[in-house]
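Chemist: Plus 77 on top of the position in the sequence shown (first one is 1) and you've got this note's numbering.
Think of the CB as a built atom: it goes at the ideal place given N, C-alpha and C, for glycine as much as any other residue.
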Amino acid sequence: MDDLPLLQASPHRLEEDILALARFTQPDLPYTRLAFSPEDRQARQWVVEQMRSLGLAVRIDPAGNILGRREGQDPRLPVLMTGSHIDTVRAGGRFDGIVGVVGALEVVRLFNEAGIVTYHPLEVVVFTCEEPTAYGFSPFGSRAMAGQLDPAQVLRAVFPDGRRLADLLKDIGGDADHLAEARLDPARTLCHLELHIEQGAVMERQGLQVGVVTAIAAPCRGVARFVGRADHAGATPMSERADALCAAAELVLAVERIARSYPDMVGTVGFLQTHPNMVNVIPGRTELHLEVRSTSPEDLVAARQALQREAYAIARRRGVEGDFAWLYCDEPVVIPSSVRHHLEEACQQVGVRWAPIVSRASHDSARLASVIPVGMLFVPSHRGLSHCPEEWTDFEQIATGVSVLALAILRLDRYGL
């Protein structure tokens, strides 16, 4: 046991901050705060004001990421980062991402109240646009920090309603012309820690207070299209049909079957479009978007190959045209043991019920992992619900996670990696 202080986060302050951010939503569709929207800009301004009230020096990088810096005793040392995102999906929740931001602010409050000045500079980060948008670049801010965005593509990107991504980025303080300058310098960044809700029900079932993430599953996303023949639904015999939707339905079930054949994989078809989409017309065209996720690179490769073979086999059997392409496939992230050690020791010293856990959802930390060490802590999600208004984590549980986060930061500050 070392002499680092055990700081108790305030559930009341965390509740106030979370409810304050929840006010920034489309009034007719809670909780909706889409990236670059008026609600997002208002929430970002609220965060900036909170940072300044805590004595942080605030800057916005070219990708629109908000960074609040608390100087350390030695400005030559690399930065310790912590934070997450505040944008939501449509009709999302009040905790996804937000817990990591208000938790980081609470850590700064605790350090201020205790008179703690870390050796390393500490930066609270709010990542731009973690959730998917029509631009297709999400997560935007963390990808920019990892050097994974093509500035030319960003400059060309136009929203379906005609708005340019570069203009929206400028509205929040970013600069698409200098996007490359948002990339982190690994020599100047020690580590990034992210507190997050689990978005699953494992922790609640096991009675855990904190989860120490060991790996972040990677999504592989693809698109399949089938072209058959649109015919009269009543006059065309079953033996003479080329039904594109039936082909798509087979592939949906194949995604489920193939994902179940691997121990650490999930598979989903979340988008399905059919044409002409009329009750009395046999579907002539379908398009579906699918994804599989796993922490095993080998299993992802095998599943990708199996699904692609299956799509073309279905098309041949049903006498329709088939086309399949993988849009992208990320690499699973293994959290460095040196980072996990400090998170686990912090859990032990705070005295919480904890266990190692896999993140099946992706996060900003997964992008940063390609350039700097990262670590993640989970707090429980009630009934595993997320990306919906019913998303909930008790404020006392969040406070416990913040207390562990604060100690983990102090351990990294003193002992390094």
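(1) Looking at the secondary structure, which residues open and close the alpha helix (DSSP H) in which V329 lies?
(2) Specify, as a first and last residue, the run of the alpha helix (DSSP H) that Q119 falls within.
(3) Mind reading off the beta-carbon distance from I412 to V451? Whole number of angstroms is fine, and I expect it under 8 Å.
(4) Who are R147's beta bridge partners in DSSP?
(5) Would DSSP call H273 helix, strand or coil?
(6) Thinking just about the alpha-carbon of each residue, which of R298, P314 and G347 is nearest to the one in V369?
(7) Count the C-beta pairs between the stretch 454-462 and the stretch 475-489 that are closer than 8 Å, then say yes if the count reaches three, no if not.
(8) Can you check DSSP and say which residues form a bridge with T266?
(9) How long is the line joining the alpha carbons of H418 and E271, rounded to whole angstroms?
(10) Rank A211, V410, G149 and A168 by C-alpha distance to the C-alpha of P104 and give the top, closest one.
(11) Taking Cβ to Cβ, would you say I137 is nearer than 8 Å to T266?
(12) Give the DSSP bridge partners of T345, in chain order.
(13) State the DSSP-derived secondary structure class of F455, mapped to helix, strand or coil.
(14) At the level of alpha carbons, what is the spacing between V410 and Y492?
(15) Between the C-alpha atoms of R100 and V201, what's the straight-line distance to the nearest angstrom?
(16) Is D227 near H464, with beta carbons less than 8 Å apart?
(17) Out of curiosity, what's the CA-to-CA distance linking G311 and V329?
(18) Report the three-state DSSP secondary structure of A301 (helix, strand or coil).
(19) In the DSSP assignment, the beta strand (DSSP E) including R136 goes from what residue to what residue?
(20) Keeping to the same chain, check which residues put their C-beta closer than 8 Å to that of I249; ignore five residues upstream and five downstream.
(21) Rounded C-beta distance between A423 and V481? I'm assuming under 8 Å.
(22) Can you look up G218 in the DSSP assignment and give me helix, strand or coil?
(23) Rounded C-beta distance between L199 and G149? I'm assuming under 8 Å.
(24) Rounded to whole angstroms, what is the Cα-Cα separation between L154 and G192?
(25) Taking the continuous alpha helix (DSSP H) assigned at I175, which residues delimit it?
(26) Taking DSSP as the reference, what is the three-state secondary structure of D400?
(27) Please confirm if the stretch 423-436 is in contact with the stretch 282-292, defined as three or more CB-CB distances below 8 Å between the two stretches.
(28) Buried or exposed: H309, going by 16 or more other Cβ atoms within 10 Å of its Cβ?
(29) Could you give the residue range of the alpha helix (DSSP H) that holds P88?
(30) In three-state terms, what does DSSP make of Q385?
(31) Kindly list the residues whose CB is nearer than 6 Å to the CB of G305, restricted to its own chain and excluding five residues on each side of it in sequence; keep chain order.
(32) Quick check on H89: buried or exposed, where buried means 16 or more other Cβ atoms within 10 Å of its Cβ?
(33) Excluding sequence positions up to five away, which residues of its chain have a Cβ less than 8 Å from the Cβ of I163?
(34) I need the boundaries of the alpha helix (DSSP H) containing V279, first residue and last residue.
Modeler: From the atom records:
(1) A321 to R337
(2) P115 to S130
(3) 7 Å
(4) L199
(5) strand
(6) R298
(7) Contact between the stretch 454-462 and the stretch 475-489 is present, because at least three Cβ pairs lie under 8 Å.
(8) Per DSSP, V156.
(9) Answer to the nearest angstrom: the Cα atoms are 15 Å apart.
(10) A168
(11) no
(12) E368
(13) strand
(14) 24 Å
(15) 22 Å
(16) Going by C-beta atoms, D227 is not nearer than 8 Å to H464.
(17) 25 Å
(18) strand
(19) A134 to I137
(20) F113, D117, R118, R121, I137, G141 and T205
(21) 5 Å
(22) helix
(23) 7 Å
(24) 20 Å
(25) I175 to A191
(26) strand
(27) yes
(28) In this structure H309 is exposed. Its beta-carbon is surrounded by fewer than 16 other beta-carbon atoms within 10 angstroms.
(29) P88 to A99
(30) helix
(31) A319, D320, A321, G361 and V397
(32) exposed
(33) Shown here for I163: same chain residues with a beta carbon closer than 8 Å to its own, the five before and five after excluded, namely L98, R110, D117, A120, R121, V124, G174, I175, V178 and V203 in chain order.
(34) V279 to Q283
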